[in-house]
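*Asks:* This is the structure, below, for whatever I ask next.
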């Protein structure tokens with residue numbers, strides 16, 4: 005199903021298509037499709053609700069956090085660490101950020117429209133742990149981060165040292181990367197409430 009959504013032009017990538025499916029935004033006739041591996045015949049009508057505000061669901065998460073924490077974004081220079089497809093960057097721009105540096109260790113994931121936005125500088129194949137002040141084209145005073153496979157404790161120490169102008173940060177905490185290996189269960193999940201609270 006995910007490949008079909010891309011083939012028919014409903015999504016730019018299989019990852020985006022999977023997100024639409026998981027969100028319950030894809031229907032075949034009257035039936036909501038919930039699995040990316042679902043198969044349909046070529047004759048069946050496919051409907052996609054694309055009332056998405058951001059290029060990924062990450063944008064919704066950051067947008068809610070900005071409201072929750074009362075962070076002012078308008079006119080600020082921002083650093084998006086772990087940018088991936090650009091959901092956080094999209095939310096920052098829609099909130100009036102003056103410019104954003106989007107950093108990710110991966111390559112080719114960042115949304116094409118955002119990549120071509122003059123307010124965005126994309127630094128791909130860049131590990132935030134090895135980032136230096138000389139790598140950044142301008143100083144940032146707001147950091148947003150959605151990092152995987154690295155502890156925020158490690159990443160933030162380097163990011164704050166690299167960007168001394170930072171005044172605020174909104175970071176997505178993932179307990180499986182913060183807890184010690186003994187606290188992480190099967191499937192990479194931290195089920196112990198005490199461990200999650202400690203993180």
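Numbering (the numbering used here), first residue to last: 5 to 203.
Ideal placement from N, C-alpha and C gives every residue a C-beta, glycine not left out.
The structure displayed is predicted, hence computed values, not measured ones.
#1: Residues in the same chain with beta-carbon distance under 7 Å from residue 145, minus the five sequence neighbours each way, listed in chain order, please.
#2: Near residue 9, which residues of its chain fall below 6 Å by C-beta distance, leaving aside the five closest residues on each side in sequence?
#3: If residue 118 and residue 90 are in contact, beta carbons under 8 Å, what's the gap, nearest whole angstrom?
#4: Between which residues of its own chain and residue 75 is the CB-CB distance below 8 Å, once the five residues before and five after are set aside?
#5: Would you check if the distance between the CB atom of residue 77 and the CB atom of residue 96 is smaller than 9 Å?
#6: Could you pull out every unbroken beta strand (DSSP E) segment of at least 3 residues lying fully inside the stretch 102 to 157, listed in chain order?
#7: Tell me whether residue 138 is buried or exposed, calling it buried when 16 or more other Cβ atoms sit within 10 Å of its Cβ.
#8: Less than 9 Å separating the beta-carbons of residue 52 and residue 115?
#9: Provide the residue span of the beta strand (DSSP E) that contains residue 26, from first to last.
#10: Around the C-beta of residue 136, are 16 or more other C-beta atoms found within 10 angstroms, so that it is buried, or is it exposed?
#11: How big is the Cα-Cα spacing for residue 153 and residue 133?
#12: Among residues of its own chain, excluding the 5 on either side of residue 167, which ones have a beta-carbon nearer than 8 Å to its beta-carbon?
#13: Which whole-angstrom value describes the C-beta separation of residue 107 and residue 130, a residue pair presumed to lie in contact below a C-beta threshold of 8 Å?
#14: Which residues does DSSP pair with residue 31 in a beta bridge?
#15: Who are the near neighbours of residue 1 in its chain, counting only those whose CB is closer than 6 Å to its CB and skipping five residues on each side?
*Replies:* Working from what's here:
#1: 80, 81, 169, 170, 171
#2: 15, 21
#3: 4 Å
#4: 69, 146, 172, 174
#5: yes
#6: 103 to 107, 124 to 127, 146 to 149
#7: exposed
#8: no
#9: Counting along the chain, residue 26 falls outside any beta strand (DSSP E), though it belongs to the alpha helix (DSSP H) covering 18 to 26.
#10: exposed
#11: 12 Å
#12: 83, 137, 140, 143, 144, 147
#13: 5 Å
#14: 36, 51
#15: The question about residue 1 has no answer, for the chain in this structure spans 5 to 203.
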